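For the sequence shown, the working numbering puts the final residue at 406, and the numbers step up evenly by one.
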Amino acid sequence: MTEGSDCNLFGVGIEQSIVPSLELTDLDADHRLLELPGDSLLVFSAEGCASCRWARAQLPGMGLPVRRLCWVDAGRNGGLVERYEVFHLPALFLVRDGAFHGRLDAPLRAGPLAQALRAAALRIPEELP
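See the structure below:
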């Protein structure tokens, strides 16, 4: 491949949309989530979780209708895990303009996740847990 080439590992001429990612902790998550404009996909993951590693590698390029991914290491941030009632990893939540729109229950595939995000956006927003 050459610089400026339309070729890539995913096929010819296919553009991969990479959304920015943030790492959040018990110390800064509330403050940052309340200030971030637009849709944030909050993802709880852990190093030892194979599905979490796959999600971390694949979610940024799925072209989901969010402005950013916000990652929380569940093994190091027990306060957030408890408040968000995380029992299974990866756990995904929608936060829109600082308001909590709930958990996403969908397979880790672009279509089902985009549909779950649209459904979550229609829910009545609540305060962050």
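For glycine and all other residues, C-beta sits at the position ideal for the given N, C-alpha and C.
Here the structure is a predicted model, which is why all the values come from computation and not from measurement.
Taking 8 Å as the threshold (beta carbon to beta carbon), is aspartate 305 in contact with chain C?
You won't find chain C in this structure, because it holds only one protein chain.
Relative to the C-alpha of arginine 386, which candidate in Pro337, Val372, Ala376 has its C-alpha closest? Within the sequence shown, the letter at position 109 stands for residue 386. Among Pro337, Val372, Ala376, the Cα nearest to that of arginine 386 belongs to Pro337.
Next on the checklist: Here's a check: name, in chain order, each residue in its chain whose Cβ is nearer than 6 Å to the Cβ of proline 402, leaving out the five neighbours to either side.
Outcome noted: Residue 402 sits at position 125 when you count from the first residue of the sequence shown. Hits under 6 Å: Ala376, His378.
### Extent of the continuous beta strand (DSSP E) to which cysteine 347 belongs
If you number the sequence shown from 1, residue 347 lands on position 70. From DSSP, the beta strand (DSSP E) with cysteine 347 extends over 345–350.
Q.
Tell me the DSSP secondary structure of valine 358 in three-state form.
A. Residue 358 sits at position 81 when you count from the first residue of the sequence shown. Here valine 358 sits in helix by DSSP.
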